[in-house]
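Residue numbers (the numbering used here): 512 to 684. The next block holds one structure in the form of structure tokens; read it before the comments.
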């Protein structure tokens, strides 16, 4: 399954670190790409640098029009899952979503426009309480992969964590 993420909006009152974390979670949990609106080029540079150090293939694309990306995705036959606390519980939706070939996951940094709900093939709730879009994304992508993503090796990086019960061990390749 090909998985990409679309993050709508960027709150200037929040720091770029939250935005960077949305990209890093997408990368670590199996998405191949994230589209972001309203961000600074420095966020892209940070995410690209992580990929060079830690490996794997991941792309961050800065876009102007999220609706254009979503409509093109659907036109090409892909499906859209919008993560919202108002949707169907992830446990009830995930088995059907796993059968899709191409999936665009929409998360919001700010109030998501009604059109996102309408464009989505699946409006999915990771809990029906307010919390972080980053937490929702991590849980959703983990459920989507059945936890297998946590065992994936990221090829081509200079650094690799050596699992250790105590302390931090990182080896250079």
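Glycine included, C-beta positions come from ideal geometry on N, C-alpha and C.
message = Using 8 Å for Cβ pairs, my map puts residue 521 next to residue 550. What's the rounded Cβ distance?
response = Taking the chain shown and counting its residues from 1, the one referred to as residue 521 is at position 10. Taking the chain shown and counting its residues from 1, the one referred to as residue 550 is at position 39. About 5 Å separates the two Cβ atoms, so the contact holds.
query = Looking at the unbroken beta strand (DSSP E) that takes in residue 671, where does it start and where does it end?
reply = As a first step, residue 671 must be located in the chain shown, where it is residue number 160. Under the DSSP assignment, residue 671 falls in the beta strand (DSSP E) whose first and last residues are 670 to 672.
key: According to DSSP, residues forming a beta bridge with residue 636   = Locating residue 636 in the chain shown gives position 125, where the first residue counts as 1. Residue 636 is bridged to 600.
request  = Name the two residues that bound the continuous alpha helix (DSSP H) containing residue 552.
outcome  = Here residue 552 is taken as the residue at index 41 of the chain shown, counted from 1. 552 to 565 is the extent of the alpha helix (DSSP H) around residue 552.
ask   = Looking only at C-alpha atoms, which of 573, 557 and 684 sits nearest to residue 519?
value = Locating residue 519 in the chain shown gives position 8, where the first residue counts as 1. Residue 573 is the option with its Cα nearest to residue 519.
task = Would you be able to state if there are at least three C-beta pairs under 8 Å between the segment 535 to 555 and the segment 648 to 664?
result = yes
ask   = Assuming residue 684 contacts residue 669 under a Cβ cut-off of 8 Å, what Cβ separation, rounded to an integer in Å, is found between them?
value = Walking along the chain shown from the start, residue 684 turns up at place 173. Walking along the chain shown from the start, residue 669 turns up at place 158. Their Cβ separation, rounded to whole angstroms, is 6 Å, which keeps residue 684 and residue 669 in contact under 8 Å.
request  = Indicate whether residue 637 and residue 594 have their beta-carbon atoms separated by less than 8 Å.
outcome  = Along the chain shown, one-based indexing puts residue 637 at 126. Along the chain shown, one-based indexing puts residue 594 at 83. Yes; because the gap between Cβ atoms is below 8 Å, this pair is in contact.
request  = Would you check if the distance between the CB atom of residue 645 and the CB atom of residue 617 is smaller than 8 Å?
outcome  = Position 134 of the chain shown holds residue 645. Position 106 of the chain shown holds residue 617. For residue 645 and residue 617, no; Cβs fall outside 8 Å.
task = Pull up the DSSP beta-bridge partners for residue 614, would you.
result = The count along the chain shown starts at 1 and reaches residue 614 at position 103. In DSSP, residue 614 forms a bridge with 514 and 590.
task = For residue 515, count neighbouring Cβ atoms within 10 angstroms of its own Cβ and tell me buried if that reaches 16, exposed if not.
result = If you number the chain shown from 1, residue 515 lands on position 4. So residue 515 counts as buried.
inquiry  = Using only CA atoms, which one of 607, 682 and 613 lies nearest to residue 588?
reply    = Taking the chain shown and counting its residues from 1, one reaches residue 588 at position 77. Here the closest residue by C-alpha is 613.
query = Are residue 639 and residue 596 closer than 8 Å when you measure CB to CB?
reply = As a working note, residue 639 is residue 128 in the chain shown. As a working note, residue 596 is residue 85 in the chain shown. Closer than 8 Å, so yes.
ask   = Taking buried to mean at least 16 other C-beta atoms within 10 Å of its own C-beta, is residue 661 buried or exposed?
value = By one-based count along the chain shown, residue 661 stands at place 150. Exposed, by the Cβ-count rule.
Residues of its chain near residue 599, where Cβ-Cβ distance is below 8 Å and the 5 sequence neighbours each way are ignored = On the chain shown, residue 599 is found 88 positions in, with the first residue counted as 1. Within the same chain, residue 599 has close Cβ partners 633, 634, 635 and 636.
message = Does residue 580 pass the burial test, meaning 16 or more other C-beta atoms within 10 Å, or should it be called exposed?
response = Here residue 580 refers to the residue found at position 69 of the chain shown. With 16 or more other Cβ atoms within 10 Å, it is buried.
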